[in-house]
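Undergrad: Residue numbers (the working numbering), protein chains in the order written: chain R, 1 to 359; chain B, 1 to 359; chain C, 1 to 359; chain W, 1 to 359.
Where a beta carbon is used, it is the ideal one built from N, C-alpha and C, also for glycine.
Next up is a structure, given as structure tokens.
There are 4 protein chains.
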Amino acid sequence: MINVAIIGVSGYAGGEAARILSQHPEVEVTFASSESNAGKPLSAAYPGLTGTRAGRLICHGSDMEKAADTAEVIFLAQESGAAMKAAESLLAKGKKIIDLSADFRLRDASVFETWYKIPHSAPHLLNGSGAATGAVYGLPEWNFEALESAQLVANPGCHVTAALLALLPLLDQSLIETRGIIIDSKTGVSGAGRTKSELIYRFSEMNESMLPYNLGGTHRHIPEIEQNLSDVAGESVVVTFAPHLAPMTRGILSTCYARLKEDAVTAQTITDALRDTYSEEGAPFVIVRNSGDWPSTKDVFGSNFCHLSATVDSRTGSVIIVSAIDNLVKGAAGQAVQNMNLMCGLPETAGLEGGGQWP
Amino acid sequence: MINVAIIGVSGYAGGEAARILSQHPEVEVTFASSESNAGKPLSAAYPGLTGTRAGRLICHGSDMEKAADTAEVIFLAQESGAAMKAAESLLAKGKKIIDLSADFRLRDASVFETWYKIPHSAPHLLNGSGAATGAVYGLPEWNFEALESAQLVANPGCHVTAALLALLPLLDQSLIETRGIIIDSKTGVSGAGRTKSELIYRFSEMNESMLPYNLGGTHRHIPEIEQNLSDVAGESVVVTFAPHLAPMTRGILSTCYARLKEDAVTAQTITDALRDTYSEEGAPFVIVRNSGDWPSTKDVFGSNFCHLSATVDSRTGSVIIVSAIDNLVKGAAGQAVQNMNLMCGLPETAGLEGGGQWP
Amino acid sequence: MINVAIIGVSGYAGGEAARILSQHPEVEVTFASSESNAGKPLSAAYPGLTGTRAGRLICHGSDMEKAADTAEVIFLAQESGAAMKAAESLLAKGKKIIDLSADFRLRDASVFETWYKIPHSAPHLLNGSGAATGAVYGLPEWNFEALESAQLVANPGCHVTAALLALLPLLDQSLIETRGIIIDSKTGVSGAGRTKSELIYRFSEMNESMLPYNLGGTHRHIPEIEQNLSDVAGESVVVTFAPHLAPMTRGILSTCYARLKEDAVTAQTITDALRDTYSEEGAPFVIVRNSGDWPSTKDVFGSNFCHLSATVDSRTGSVIIVSAIDNLVKGAAGQAVQNMNLMCGLPETAGLEGGGQWP
Amino acid sequence: MINVAIIGVSGYAGGEAARILSQHPEVEVTFASSESNAGKPLSAAYPGLTGTRAGRLICHGSDMEKAADTAEVIFLAQESGAAMKAAESLLAKGKKIIDLSADFRLRDASVFETWYKIPHSAPHLLNGSGAATGAVYGLPEWNFEALESAQLVANPGCHVTAALLALLPLLDQSLIETRGIIIDSKTGVSGAGRTKSELIYRFSEMNESMLPYNLGGTHRHIPEIEQNLSDVAGESVVVTFAPHLAPMTRGILSTCYARLKEDAVTAQTITDALRDTYSEEGAPFVIVRNSGDWPSTKDVFGSNFCHLSATVDSRTGSVIIVSAIDNLVKGAAGQAVQNMNLMCGLPETAGLEGGGQWP
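Here it is, written out as structure tokens:
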């Protein structure tokens with residue numbers, strides 16, 4: 001059994017990690033922290049976990065020493081700015097870290113500081129720093145080998161995961177132009193986290209409401225998307241990213257638009273390209289559906305799967321790829337567990353085999 | 001008082017028309033038809049109308065003679081294919097017609113037949129036919145004068161209304177390219193109408209679900225959007241249109257993307273262009289909000305307003321305009337009443353003054 | 001035109017009052033106050049009111065002098081404790097007051113203090129005090145005449161309105177026992193008001209959730225229900241009241257259980273009793289439906305109607321009456337306007353004629 | 001590994017059984033039938049199962065021979081009337097049966113026929129018939145031992161499970177009167193099953209709606225509730241049962257009202273009685289919460305748990321017990337698996353350890 005600690009367990013991502021890990025056949029959660037629930041069982045924060053292994057976890061304060069004493073893998077599920085302070089000493093103790101915040105996702109500290117408005121205190125650990133313990137970007141479908149030997153994993157953002165899984169294959173196979181990519185992404189309200197208290201997150205204000213936010217190139221997921229698209233494209237990619245809130249709890253649906261390089265490309269070409277990239281064995285959580293068999297967020301509710309389907313609009317020379325994930329699973333805690341599996345030499349799907357809950 | 005008949009009153013658009021018209025200060029609904037509720041009061045189809053003027057309306061079968069005998073204005077709220085059969089004889093009797101179906105929205109019968117898969121039996125009455133009684137396209141903000149003397153009005157499609165109000169000003173003022181326009185439109189489930197019984201429209205299957213439909217240039221609103229954008233642009237405009245279902249009852253949020261002609265254009269330029277087009281007096285139902293003050297579908301729930309806000313993404317040289325309407329009001333019955341007001345010389349806002357219901 | 005002031009206009013009840021009053025044919029809202037939006041138009045708090053008469057109202061601070069200077073009728077829509085301080089001086093100026101808080105609903109100051117945990121500073125104005133300006137309980141279906149001459153009206157609680165309209169006729173006609181009455185009431189989340197920020201009111205926590213609150217005789221609506229039932233029964237009535245939150249924005253559905261006095265009573269007897277009480281002319285907002293034709297909250301969404309339907313369970317000798325209202329309309333602002341109509345000699349239904357919005 | 005067949009796998013209960021069983025560590029689903037999806041994988045009916053063991057199941061027609069050839073345990077998840085025809089021959093082959101329909105829940109064939117309006121073709125197999133292979137009622141918390149040796153299990157109704165778990169302890173310990181019990185039960189829309197196509201089950205009609213159905217002693221769960229309450233009470237118990245639809249997909253919240261036998265009984269007495277009945281070891285899926293810590297349906301979303309909490313209203317001498325379950329898990333497929341575990345000598349919680357999914 002692998003001993004795991006979760007720092008920040010009472011947030012949505014941390015709680016989801018606890019739920020998944022407590023049913024993982026090879027894992028024992030030995031430490032969990034939540035400042036607001038210190039001294040109480042996790043079921044105090046999530047009554048639905050009462051009577052389960054996860055619910056009986058006693059929450060501690062954010063005591064990294066204690067976490068490190070009990071666990072060999074540490075999930076950091078806090079706000080941006082915390083992981084960069086904690087990582088070095090944990091790595092020095094030989095711990096494996098999966099950071100669900102944005103601290104290690106970008107390669108360039110100055111880009112991080114521009115978008116996140118806080119200084120980066122551990123630039124030497126950034127993704128791609130070249131250090132043995134430098135962060136590895138945790139998108140398993142594209143970083144499988146590096147993740148197997150990673151000590152520090154930067155778990156991708158939720159919108160980012162949905163967009164990258166859709167677009168990377170097409171850039172990789174030079175099927176689309178690198179200019180003019182548009183990502184119209186719709187997320188459930190849980191994407192805002194558990195602590196935000198603005199009016200818009202209230203049931204009475206959000207129900208029957210659909211609205212955009214952070215339009216115009218201002219969302220922090222933009223540099224993360226562009227960094228990864230550019231890597232695969234081999235040139236700088238700039239995207240238009242438009243996030244929206246939908247009146248639902250979970251789920252992200254990203255509708256991605258791009259211009260085809262060649263007019264002769266059909267929906268079948270695109271579908272084949274997606275299937276070449278994501279084989280059943282190589283990418284067990286990515287399902288490429290036939291063109292026209294559109295995925296819904298409900299298809300992935302509660303599961304670690306990403307469903308993709310694409311079509312070509314020959315009238316406009318464009319391709320549309322639709323990507324559906326559960327923002328808290330493949331978009332956060334599930335992908336973190338998938339990364340842990342790779343880091344620890346476990347089967348990639350361990351603890352994550354379940355499908356979407358329906359209805 | 002103006003006597004009005006509603007044909008197809010038990011559908012969502014017809015029912016909404018009855019609800020609005022029964023509170024209209026200058027209107028008396030004298031005839032309503034619903035095959036499935038013939039002989040019963042409208043409250044049998046909509047129990048919430050019990051005790052109101054609308055609820056007491058007795059539904060008849062689709063007897064156009066009788067409708068014409070009692071009313072001078074006829075609302076046709078049936079499936080496509082019905083209005084083209086009924087229009088001529090009603091016009092011959094001097095009746096004013098507002099058709100909420102697609103029968104008279106397109107100018108070219110062959111385009112209609114390509115997209116709707118039925119022959120057009122009244123091509124001489126099409127929008128733009130030049131006949132004195134030819135259909136006028138019922139988008140008051142752009143067709144005000146023609147509507148004042150119209151006998152037959154083709155009420156626009158719901159997605160179309162949201163998209164046109166956002167994009168027409170920018171094409172009119174040559175601010176955006178005519179190529180590369182993308183419309184990502186999210187609609188509430190009522191857009192499917194009341195009679196569709198597919199699984200996806202069930203509560204248990206649609207709740208917590210967000211999904212696209214009719215992607216790849218296949219939705220019937222495309223030729224209608226393009227016809228109107230092309231008219232104003234003065235050249236052929238081809239768009240990518242991607243409709244989505246959102247887990248809500250009412251509302252359309254259209255996120256429209258276009259490429260700027262000139263880099264120097266700012267969000268303020270766009271906002272000013274929208275405000276120039278839609279003044280408070282000239283377009284009382286279009287609200288242009290400051291850039292960044294994004295509209296939600298909830299802001300227009302139950303009202304005839306369209307809320308617009310725009311921004312520029314200078315990183316990509318693109319503009320994003322967001323348009324929110326209630327699909328059953330400004331996207332159907334409310335706009336039909338607005339058209340009626342113009343046709344009958346009433347104040348444009350009569351019966352439609354109410355704002356969005358909140359919460 | 002009657003000049004009206006609304007104190008506390010940015011809360012849900014105050015905002016709904018503004019929405020209704022701004023479409024009232026005989027009313028001009030001349031003053032509105034909202035501490036949190038002072039100096040801004042009401043559309044800042046409710047963007048959906050932009051472009052309407054209500055949205056253009058400039059919010060002031062809670063300046064009662066100014067309110068009194070401009071208006072002859074004052075709607076007080078604040079938290080409990082405020083109205084009791086403001087009432088006397090407004091009454092002295094000859095103003096008519098409709099208080100939407102609980103300050104004047106109970107007749108006995110000590111009962112008020114027990115349940116509301118604050119001292120009552122104006123016991124001489126309590127409902128039933130006998131003073132010429134003493135509060136009149138604002139349930140028009142049962143207090144019509146007193147309301148016509150009232151200066152100060154205590155607008156009923158939302159759950160209370162639903163329960164009283166269902167149960168009063170049966171107690172009045174001695175059809176049910178006064179012991180053993182149970183009211184299981186389900187409310188939409190807006191019932192909690194706009195300012196509460198507890199986790200349970202967040203979309204992500206409330207969606208897909210149904211739960212009780214304040215069980216065991218602890219909800220403040222209990223003494224209000226019992227006072228009114230006892231009055232009509234002519235003896236002390238004690239009820240079990242169990243409120244629940246349902247995952248919807250608006251609406252109250254109260255399922256009321258009582259023991260029949262005589263076994264021979266049928267569903268038809270009960271339905272007849274309800275219809276005798278609520279005639280179409282005498283109670284234009286109460287709809288008595290046939291037994292088995294159950295009302296839903298959606299039937300009254302956005303309307304001032306109360307729908308009732310009853311059945312008898314002869315196996316258990318009990319009657320079940322189901323009552324549906326919109327908590328913000330008949331349960332708050334709509335009923336307040338209905339009371340204003342009576343106080344001002346206007347038609348009872350003025351400004352309130354619309355039915356439930358569907359879908 | 002235990003081989004299991006599921007008959008009726010494309011319904012909600014059958015699909016949920018497939019989802020749970022495909023993650024059960026001791027089970028192999030070897031056969032699944034669905035007339036409407038015969039020849040296709042189960043993922044055709046539930047796209048969210050694509051890529052999982054459950055999703056790859058090929059659906060057959062309802063071939064009981066084939067089911068029996070491959071499996072030792074058969075889940076029957078069809079409409080009432082089917083299981084009574086299939087049971088005898090499966091039992092003759094030594095198969096274990098868990099029937100999720102109502103066919104074997106009642107002990108008296110004439111009672112069955114009265115409520116279900118179809119003749120019973122296998123009365124000798126009814127629950128309590130005394131035959132070695134007679135049905136055992138599948139409420140594990142109350143029938144543990146009999147289930148360990150059962151061949152045919154009648155899986156309880158969803159509302160019934162919620163109500164019995166709440167009320168049985170209090171009748172068992174003679175704390176409440178047997179007269180005057182009222183069960184006000186709120187269910188998510190999935191309780192209606194997947195095939196019903198009435199308007200009320202559409203998203204646009206059900207969203208924002210709360211309504212009762214089958215009031216007045218007409219719901220088929222009544223005889224099932226009364227049979228089981230009467231057994232434990234040792235005398236005939238007659239209840240008032242009022243089911244309601246709530247605008248959510250899953251979940252049942254049953255609010256149960258009863259009269260206390262003695263005034264001195266407190267909330268703590270009741271809570272203790274519930275805890276005595278449901279110990280952590282003896283009833284691992286029943287969580288008794290402190291009085292006032294009210295459960296919500298969200299607490300049990302997707303889990304096999306039942307959460308209970310109770311209070312006493314000393315003003316009325318009554319007790320209120322609130323019971324929350326997921327109608328498709330503890331109310332159907334999860335409880336069926338729990339029963340299978342007992343029948344097969346597996347740990348009671350195998351495959352069912354997960355808590356409620358939150359948010």
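Residues of the region 89-106 of chain B with a CB closer than 7 Å to any CB of chain W: list them in chain order, please.
TA: none
Undergrad: At a CB-CB cut-off below 8 Å, which residues of chain C make contact with B:Leu49?
TA: Gly355, Gly356 and Trp358
Undergrad: Taking a Cβ distance cut-off of 8 Å, strictly less, list which residues of the region 184-202 of chain W are near chain R, in chain order.
TA: Ser190 and Arg194
Undergrad: What does a CB cutoff of less than 6 Å around R:Gln240 pick up in its chain, not counting 5 residues either side in sequence?
TA: In the sequence on display, residue 240 of chain R carries Thr and not Gln. Here the set comprises Ile182.
Undergrad: Is C:Asp276 closer than 8 Å to C:Val300 when the C-beta atoms are compared?
TA: no
Undergrad: Among the residues of its own chain, which have a CB less than 6 Å from the CB of B:Arg194, if the five just before and after it don't count?
TA: If we look at B:Arg194 and ignore the five residues flanking it on each side, its Cβ neighbours are Gly11 and Tyr12.
Undergrad: Would R:Met1 be called buried (16 or more neighbouring beta carbons within 10 Å of its own) or exposed?
TA: exposed
Undergrad: Between the alpha carbons of R:Leu99 and C:Gly302, how many angstroms are there, rounded?
TA: The sequence as given places Asp at residue 99 of chain R; Leu does not occur at that position. Spanning the two alpha carbons is a distance of roughly 47 Å.
Undergrad: I'd like the list of long-range same chain contacts for W:Thr133, defined as Cβ closer than 7 Å, with 5 residues on each side in sequence excluded.
TA: Leu91, Leu125, Gln151 and Leu152
Undergrad: Quick check on C:Phe301: does DSSP put it in helix, strand or coil?
TA: coil
Undergrad: Since W:Gly302 meets chain R, which of its residues come closer than 9 Å, beta carbon to beta carbon?
TA: Gly48, Gly302 and Gln357
Undergrad: Residues in its own chain within less than 7 Å of C:Lys261 by CB, not counting five upstream and five downstream?
TA: Ser174, Leu175, Ile176 and Glu177
Undergrad: Distance, Cα to Cα, B:Thr311 vs R:Leu211?
TA: 14 Å
Undergrad: Suppose you measure from the CA of W:Thr269 to the CA of C:Ile200; what does that come to, to the nearest Å?
TA: 28 Å
Undergrad: Under 9 Å between beta-carbons, which chain B residues line up against R:Pro295? List them in chain order, please.
TA: Within 9 Å of the CB of R:Pro295, the CB atoms of chain B belong to Leu211 and Pro212, in sequence order along the chain.
Undergrad: What does the alpha-carbon distance come out to for the pair B:Tyr137 and B:Gln335?
TA: 11 Å
Undergrad: Determine, using beta carbons only, whether W:Ala5 and W:Ile74 come nearer to each other than 8 Å.
TA: Contact flag set, yes.
Undergrad: With DSSP run on the structure shown, which of helix, strand or coil describes C:Val239?
TA: strand
Undergrad: The alpha helix (DSSP H) with C:Lys85 in it runs from where to where?
TA: It spans Ala83 to Ala92 - the alpha helix (DSSP H) in which C:Lys85 sits, taken as one unbroken run.
Undergrad: Considering only their Cβ atoms, is the gap separating B:Ala154 from B:Arg220 smaller than 8 Å?
TA: No. Outside cutoff.
Undergrad: Consult DSSP for C:Pro41 and reduce its assignment to one of helix, strand or coil.
TA: Annotated three-state conformation of C:Pro41 is strand, per DSSP.
Undergrad: On the DSSP letters alone, give me the boundaries of the alpha helix (DSSP H) that B:Glu348 sits inside.
TA: For B:Glu348, no alpha helix (DSSP H) encloses it, and the DSSP letter there is neither H nor E.
Undergrad: For R:Pro223 and R:Val322, which I take to be in contact (beta-carbon distance under 8 Å), what is that distance rounded to the nearest angstrom?
TA: At roughly 24 Å, the Cβ-Cβ gap does not stay under 8 Å, so R:Pro223 and R:Val322 are not in contact.
Undergrad: Nearest-angstrom Cα distance between C:Leu57 and C:Asp63?
TA: The straight-line gap from Cα to Cα measures roughly 15 Å.
Undergrad: If you draw a straight line from the alpha carbon of R:Ala324 to that of B:Leu328, how long is it in whole angstroms?
TA: 28 Å
Undergrad: Under 7 Å Cβ-Cβ, which residues of chain R neighbour B:Ser318?
TA: The contacting residues are Thr240.
Undergrad: Measuring straight from C-alpha to C-alpha, what distance separates C:Ser34 and C:Arg19?
TA: 15 Å
Undergrad: Within the region 105-134 of chain W, note down every full alpha helix (DSSP H) run reaching 4 residues or more, in order along the chain.
TA: 109-116
Undergrad: Given that a residue counts as buried once 16 or more other Cβ atoms are within 10 Å of its Cβ, and exposed if not, what is R:Ile97?
TA: That one is buried.
Undergrad: Is the shortest distance between the beta-carbon of C:Thr52 and the beta-carbons of chain B less than 8 Å?
TA: yes
Undergrad: Secondary structure at C:Pro223, three-state DSSP: helix, strand or coil?
TA: helix
Undergrad: Against chain W, with Cβ distances strictly below 8 Å, would B:Glu16 count as a contact?
TA: no
Undergrad: In chain W, which residues lie less than 7 Å from C:Ile182 when you measure between Cβ atoms?
TA: Simply Ile182 and Tyr257.
Undergrad: Tell me the DSSP secondary structure of B:Gly28 in three-state form.
TA: The question names Gly, but residue 28 of chain B is Glu in the sequence shown. In the structure shown, B:Glu28 sits in a strand (DSSP, three-state: E or B).
Undergrad: Out of R:Ser296, R:Cys344, R:Gly355 and R:Ala267, which one is the CA nearest neighbour of R:Asn290?
TA: Relative to R:Asn290, the option among R:Ser296, R:Cys344, R:Gly355 and R:Ala267 whose CA is nearest is R:Ala267.
Undergrad: Which class does C:Asn228 belong to by DSSP, given the choice of helix, strand or coil?
TA: helix
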